[in-house]
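Student: Same order as they appear, the protein sequences are chains X and U.
The working numbering puts the first residue of the first sequence at 1, with every later residue one more than the last.
The working numbering puts the first residue of the second sequence at 1, with every later residue one more than the last.
Take this structure first; my questions come after.
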Amino acid sequence: MEGPSGDITVTSTNRKCSAVTGSARKIKDNAADWHNLLLRWERLSDKGFTIAGNIVNLRLSGSQSDQQQQVVEPQSPPSAPSRLAGETAELQDECCKLKDVLDKMVVVLMKMERLVASQRGVLDLEEFQFGPEGRKVPLFHSWTTKQFEDLSCVLLDVFRQELQLKQTILQELAHTVSSDLCMVYLSCWLHQPFIPPKTRMMLEALLLETGHRPL
Amino acid sequence: MSKPALLSLQQALRKSFQSLENNQKVWNRVLSECSPLMVSLGNLAEQWRALSNVQLSNTPLRDFPDLEERLRFKLLQATDTVLGKLNDKISALQSVRDATSNQVSAVFQLYEQNTDSLDLLTVTERSATAPSAADMLEWLQDAERYYRQQFLRRKTLLQMLRAEDLSLLESTPMRWKSMETPSAEDRITDTLCKVSFFMESQ
């Protein structure tokens with residue numbers, strides 16, 4: 001059929017703005033998943049911090065009142081064991097809640113591992129299609145497919161380390177006698193020392209590259 | 001003959017009190033915004049103190065590489081952020097100090113230019129709705145002095161702060177709070193009450 005000739009030129013911008021398919025689709029979806037997983041991690045971390053704070057308060061107030069009890073009334077009155085039992089139950093409850101939070105963070109990490117595997121798959125496919133140097137024209141603006149994989153690995157590593165730290169904190173928090181060490185555990189949980197500030201920037205760069213954020 | 005000079009002085013006084021009313025609101029708002037920042041500073045100081053009291057190599061955290069260094073970095077970052085915000089608040093307080101000082105010096109300049117026409121009787125004369133010019137000038141000067149001294153004390157306190165100086169960091173929230181002078185604050189509020197009729201008249 002005849003139509004006006006040559007007034008629609010296929011530019012690289014057009015190609016990117018059209019329906020993203022195949023590898024590019026996968027990478028773009030992965031980027032959105034990274035964003036959502038990081039958000040989920042932050043929410044769980046915040047929730048965990050509140051619970052951890054409760055644990056520390058219970059632990060420290062419990063040990064304080066124990067000492068007071070011994071000083072004031074050397075012969076233990078009948079109410080003491082039940083009060084102690086109540087506090088222990090509450091402490092155990094909070095520890096369970098923290099364990100729940102941590103279990104959910106483990107799930108987040110597993111999803112991150114899947115993203116890295118998926119990224120690896122995209123890279124392998126590209127190497128198969130185009131040879132070891134990969135495709136000549138980048139899928140989005142400028143990043144090579146390898147760069148997406150590298151970034152995913154870095155992010156996974158960061159969160160894996162942070163998770164290990166949080167798991168240690170979970171194990172130790174309720175048994176720690178020293179209030180200073182309790183405070184250090186809380187600091188570690190809150191400030192997440194293994195997640196460097198550039199993590200946020202890396203995520204933003206990923207979202208910019210894949211078109212989730214306007215340039 | 002003293003009438004025009006007195007009228008222009010009174011106009012200037014009205015303008016000054018209007019400005020004082022606005023500045024008082026700004027000052028109080030900024031100070032209340034400093035309270036949560038001081039709480040954060042206290043929390044951070046506690047965290048620094050706890051970290052310095054603990055030997056991480058003797059704890060279950062020993063297996064984490066560079067943990068202490070990384071945590072210190074994060075604490076430093078958090079402390080810097082709070083100090084930065086406090087500096088912004090100090091700048092806002094400075095604006096209030098500057099505005100008040102400028103207003104009051106302008107009024108006093110006007111008074112001094114017209115001392116020939118403004119004799120003792122005129123400036124000490126008061127009515128049911130208007131305090132004497134002398135009183136009003138004095139109140140303005142008191143308010144200006146209060147903001148000037150408060151600003152200097154608070155600024156000096158914050159300028160001495162260093163994230164590395166733990167004991168200074170720990171004592172800052174208490175020292176900040178001790179600078180509150182409710183009596184002086186109340187005097188400014190009283191002043192504004194006393195001139196309220198004067199402000200409305202023309």
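Positions of the beta carbon are idealized from the N, C-alpha and C atoms, including for glycine.
Quick caveat, the model's predicted, so the values are computed rather than measured.
(1) What whole-angstrom Cβ distance do X:L139 and X:S23 have, given they're in contact under 8 Å?
(2) Would you verify that the beta carbon of X:D210 is, or is not, closer than 8 Å to some beta carbon of chain U?
(3) Give me the chain X residues within the contact set of U:K74, using Cβ-Cβ distance strictly less than 7 Å, ordered along the chain.
(4) Are the region 69–77 of chain U and the region 129–141 of chain U in contact at 8 Å, needing three or more beta carbon pairs?
(5) Return the CA-CA distance between U:N102 and U:V96, expressed in angstroms with no decimal places.
(6) Under three-state DSSP, which class holds U:E112?
(7) Is the CB of U:L71 under 8 Å away from at least one CB in chain X?
(8) Is the number of C-beta pairs between the region 29–49 of chain X and the region 197–211 of chain X that are closer than 8 Å three or more?
(9) Tell me, to the nearest whole angstrom, how far the beta carbon of U:T100 is from that of U:A143; I am working on the premise that it is less than 8 Å.
(10) For X:V10, I'd like the list of residues in its chain whose CB is within less than 8 Å of its CB, leaving aside the five on either flank, ordered along the chain.
(11) What is the DSSP secondary structure of U:Q55, counted as helix, strand or coil?
(12) Kindly indicate which residue of X:G211, X:F49, X:F130, X:D103 has the alpha-carbon position closest to the one of X:C182.
(13) Expressed to the nearest angstrom, what Euclidean distance is found between the alpha-carbon atoms of U:R162 and X:E42?
(14) What's the C-alpha gap between X:L125 and X:L115?
(15) DSSP on X:W143, reduced to helix/strand/coil?
(16) Could you tell me the distance, in whole angstroms, from the CA atom of X:S142 to the CA atom of X:E113?
(17) Please report whether the beta-carbon of X:M112 lies at a distance below 8 Å from any beta-carbon of chain U.
(18) Report the CB separation of U:L168 from U:M174 in whole angstroms; it is logged as a contact under 8 Å.
(19) Does the beta carbon of U:A184 come closer than 8 Å to any beta carbon on chain X?
(20) For U:E21 versus U:L192, is the C-beta spacing smaller than 8 Å?
(21) Taking U:L41 as the query, report the chain X residues whose CB atoms sit under 8 Å from its CB, ordered along the chain.
(22) Leaving out the 5 sequence neighbours to the left and right, which residues in its chain are closer than 7 Å to X:E172 when beta-carbon positions are compared?
(23) What does the Cβ neighbour count give for U:M179, buried or exposed, with the cut at 16 atoms within 10 Å?
(24) Skipping 5 residues on each side, what residues in its chain have a beta carbon closer than 7 Å to that of U:Q141?
(25) Please confirm whether U:L51 and X:S187 have their CB atoms less than 8 Å apart.
(26) Starting from X:D150, find everything on chain U with Cβ-Cβ shorter than 7 Å and list it in chain order.
(27) Who are the near neighbours of U:L166 in its chain, counting only those whose CB is closer than 8 Å to its CB and skipping five residues on each side?
(28) Residues of chain U with a CB under 9 Å from the CB of X:T168: which are they?
(29) Rounding to the nearest angstrom, what Cα-Cα distance links X:R59 and X:R83 in this structure?
(30) Excluding five sequence neighbours on each side, which residues of the same chain lie with their C-beta closer than 8 Å to the C-beta of U:L76?
(31) Please report whether the beta-carbon of U:N53 lies at a distance below 8 Å from any beta-carbon of chain A.
(32) Looking at the C-beta of U:L192, does it have a partner C-beta in chain X at a distance below 8 Å?
(33) Use the C-beta contact count for X:R200: other C-beta atoms within 10 angstroms, 16 or more gives buried, fewer gives exposed.
(34) Who are the near neighbours of X:P4 in its chain, counting only those whose CB is closer than 8 Å to its CB and skipping five residues on each side?
Tutor: Answer, in terms of the structure:
(1) A Cβ-Cβ separation of about 6 Å places X:L139 in contact with X:S23 under the 8 Å criterion.
(2) Reading the sequence as shown, one finds Thr at residue 210 of chain X and not Asp. So, not an interface residue.
(3) For U:K74, the residues of chain X that pass the 7 Å Cβ criterion are H191, P193, in the order they occur in the chain.
(4) Too few Cβ pairs lie closer than 8 Å, so no.
(5) Cα-Cα distance, rounded: 10 Å.
(6) Assignment of U:E112 by DSSP, reduced to helix, strand and coil, places it in the helix class.
(7) With a threshold of 8 Å between beta carbons, U:L71 makes contact with chain X.
(8) The way I'd put it, the region 29–49 of chain X does touch the region 197–211 of chain X; three or more beta-carbon pairs between them come closer than 8 Å.
(9) Contact between U:T100 and U:A143 holds: their C-beta atoms lie close to 6 Å from each other, under 8 Å.
(10) With a pLDDT of only 41 at X:V10, under 50, the local geometry of the prediction cannot be trusted, and no value is derived from it.
(11) It is coil, neither helix nor strand.
(12) Nearest neighbour of X:C182 by Cα position, chosen from X:G211, X:F49, X:F130, X:D103, turns out to be X:F49.
(13) Between U:R162 and X:E42, the C-alpha separation is close to 30 Å.
(14) Their Cα atoms are separated by approximately 15 Å.
(15) Assigned with DSSP and collapsed to three states, X:W143 falls in coil, not helix or strand.
(16) About 25 Å.
(17) Closer than 8 Å: no.
(18) The C-beta distance from U:L168 to U:M174 rounds to 11 Å, too long to meet the 8 Å contact threshold.
(19) So, not an interface residue.
(20) Yes; because the gap between Cβ atoms is below 8 Å, this pair is in contact.
(21) For U:L41, none of the residues of chain X pass the 8 Å Cβ criterion, the least Cβ distance being about 15 Å.
(22) Around X:E172: Y185.
(23) Within a 10 Å sphere around the beta-carbon of U:M179 sit fewer than 16 other beta-carbons, which makes this residue exposed.
(24) Around U:Q141: V104.
(25) Taking the C-beta atoms as reference points, X:S187 is found nearer than 8 Å to U:L51.
(26) Ordered by position in chain U, no residue passes the 7 Å Cβ test against X:D150, which lies about 21 Å from the chain.
(27) Correct list, in chain order: A45, W48, R49, S52.
(28) P60, L61, D63, F64, listed in chain order.
(29) In a straight line, the C-alpha of X:R59 is about 14 Å away from that of X:R83.
(30) Excluding positions up to five away in sequence, the list reads A163.
(31) Here chain A cannot be found, since the structure's protein chains are X and U.
(32) False, the Cβ-Cβ gap to chain X never drops below 8 Å.
(33) Looking at its Cβ environment, which holds fewer than 16 other Cβ atoms inside 10 Å, X:R200 is exposed.
(34) With a pLDDT of 46 at X:P4, under the threshold of 50, the modelled position of that residue is not reliable, and no figure is offered here.
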